[in-house]
Amino acid sequence: MSQSHPRISKAVIPAAGLGTRFLPATKATPKEMLPVVDKPAIQYVVEEAVAAGLDDVLMVTGRNKRPLEDHFDRNYELESALEKKGDGERLAKVQESSDLATMHYVRQGDPKGLGHAVLCAAPHVGDEPFAVLLGDDLIDPRDPLLQRMIEVQQEHGGSVVALMEVAPEQIHLYGSAAVEATTDADVVRLSGLVEKPSREEAPSHYAIIGRYVLDPAVFDVLSKTEPGRGGEIQLTDALQQLAADATLGGPVHGVIFQGRRYDTGDRGDYLRAIVRLACEREDLGPDFRTWLQRFVTEEMQQR
Ligand code: UTP
Numbered sequence: 001m002s003q004s005h006p007r008i009s010k011a012v013i014p015a016a017g018l019g020t021r022f023l024p025a026t027k028a029t030p031k032e033m034l035p036v037v038d039k040p041a042i043q044y045v046v047e048e049a050v051a052a053g054l055d056d057v058l059m060v061t062g063r064n065k066r067p068l069e070d071h072f073d074r075n076y077e078l079e080s081a082l083e084k085k086g087d088g089e090r091l092a093k094v095q096e097s098s099d100l101a102t103m104h105y106v107r108q109g110d111p112k113g114l115g116h117a118v119l120c121a122a123p124h125v126g127d128e129p130f131a132v133l134l135g136d137d138l139i140d141p142r143d144p145l146l147q148r149m150i151e152v153q154q155e156h157g158g159s160v161v162a163l164m165e166v167a168p169e170q171i172h173l174y175g176s177a178a179v180e181a182t183t184d185a186d187v188v189r190l191s192g193l194v195e196k197p198s199r200e201e202a203p204s205h206y207a208i209i210g211r212y213v214l215d216p217a218v219f220d221v222l223s224k225t226e227p228g229r230g231g232e233i234q235l236t237d238a239l240q241q242l243a244a245d246a247t248l249g250g251p252v253h254g255v256i257f258q259g260r261r262y263d264t265g266d267r268g269d270y271l272r273a274i275v276r277l278a279c280e281r282e283d284l285g286p287d288f289r290t291w292l293q294r295f296v297t298e299e300m301q302q303r
């Protein structure tokens, strides 16, 4: 690993979107707080950042930010009630999220898009490379991705995105990347990016998923990026500029991810995430799997 690139220690988690796909649940609650089994989705994301060695976490929040801040703060009333009851197991669960990382918050104000949310992090991040983890994108903890992306950034400099091969009919839901192979099988160099292209316009089947390691040059580019698709300031548009001109902030590479990933902002994927993670839990899994098997058999018989 090259030592010439500054170490990465900061993670930015944009969590200020409106979450309209999940209404009415997200009317008064951020979608990132929806539970996946018994932990809010956002806690998995912060745990992932910490597991990759990033313990300075800046969350970009918007309206309804209170539950996010409260979740990562102490709750003395609850802690003392559990202490009095002698319920050490639940006490540990309550304290876990407040002891995870050094948390910082910034408000986005108007949700003008993911690119704008990332730009709100500029004063905190300063002039160092940093990671971005989307608060509603869950990477299975058994399939580490961010560590590999950091390694690639340290080797090549510039920025690194996470890519996943998707079916052609799915590509319009993502940013898509034009890629060139490198000597590493799981790493490609990006020559272009398009946000939510039609099947015909998509440069490849590689979709950009919610993990990034970015060169701070992205802030300068974002500050000049006009609203794009959906009238929002798109991070993909800024990355396209970085990919097109490596003198701005180094190259843009992609790490091809083949593990398990769930978009918890999408209702179907959210349900799948819960079922998968519940099945694999030691405490809940055995009973839940037995029930699920019976349920599926009965469902099949009725159809
Ligand atoms: P999404 O594209 O999922 O948008 O954002 P959304 O508004 O949250 O959800 P829907 O589509 O209306 O259901 C991807 C990520 O970027 C954040 C979101 O919180 C999510 O983590 N985001 C998006 C912001 O922080 N600010 C924005 O202005 C837009």
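At the far end of the sequence shown sits residue 303, using UniProt numbering, and the numbering has no gaps. The beta-carbon is built from N, C-alpha and C at its ideal position, and this holds for glycine as well.
Item                                                                                                                                                                            : Value
Quick one: is residue 295 buried, meaning 16 or more other Cβ sit within 10 Å of its Cβ, or exposed?                                                                            : exposed
With 16 as the cutoff for other CB atoms within 10 Å, does residue 206 come out buried or exposed?                                                                              : buried
I'd like to know whether the C-beta atoms of residue 119 and residue 234 end up nearer to each other than 8 Å.                                                                  : no
Identify the continuous alpha helix (DSSP H) that holds residue 134 and give its terminal residues.                                                                             : From DSSP, residue 134 is part of no alpha helix (DSSP H); its letter is neither H nor E.
Cutting at 8 Å between CB atoms, please list the residues of its own chain near residue 240, excluding the five before and the five after it.                                   : 192, 193, 194
Which of the three DSSP states, helix, strand or coil, is assigned to residue 13?                                                                                               : strand
Is it a yes or a no for the region 148-156 touching the region 220-230, going by three-plus beta-carbon pairs under 8 Å?                                                        : no
Can you give the beta carbon distance from residue 237 to residue 159, rounded, assuming they're within the 8 Å contact cut?                                                    : Going by Cβ atoms, the distance from residue 237 to residue 159 rounds to 14 Å, so no, they are not a contact pair.
Just checking residue 85 against the ligand UTP - is the residue's beta carbon closer than 7 Å to any of the ligand's heavy atoms?                                              : no
How close, in whole Å, do the beta carbons of residue 60 and residue 11 come, if the pair is a contact with beta carbons under 8 Å?                                             : At roughly 11 Å, the Cβ-Cβ gap does not stay under 8 Å, so residue 60 and residue 11 are not in contact.
Just verifying my parser: in three-state terms, what is the DSSP assignment at residue 162?                                                                                     : strand
Can you tell me whether residue 7 is buried or exposed? The criterion is at least 16 other CB atoms within 10 Å of its CB, across all chains shown.                             : exposed
Take every Cβ of the region 177-184, pair it with every Cβ of the region 16-36, and state whether three or more of those distances are shorter than 8 Å.                        : no
Tell me whether residue 20, by its Cβ, gets closer than 7 Å to a heavy atom of the ligand UTP.                                                                                  : yes
Quick one: what's residue 253 bridged to in DSSP?                                                                                                                               : 160, 189
Grab the span of the alpha helix (DSSP H) containing residue 167 for me, first residue to last.                                                                                 : Careful: residue 167 lies outside any alpha helix (DSSP H) and carries neither H nor E.
Are residue 138 and residue 52 close, meaning C-beta to C-beta below 8 Å?                                                                                                       : no
Quick one: what does DSSP say residue 100 is sitting in, helix, strand or coil?                                                                                                 : coil
Tell me whether the region 127-137 and the region 255-268 touch, counting them as touching only if at least three CB pairs, one residue from each stretch, are closer than 8 Å. : yes
With a cut-off of 8 Å, do at least 3 Cβ pairs link the region 87-98 to the region 62-75?                                                                                        : yes
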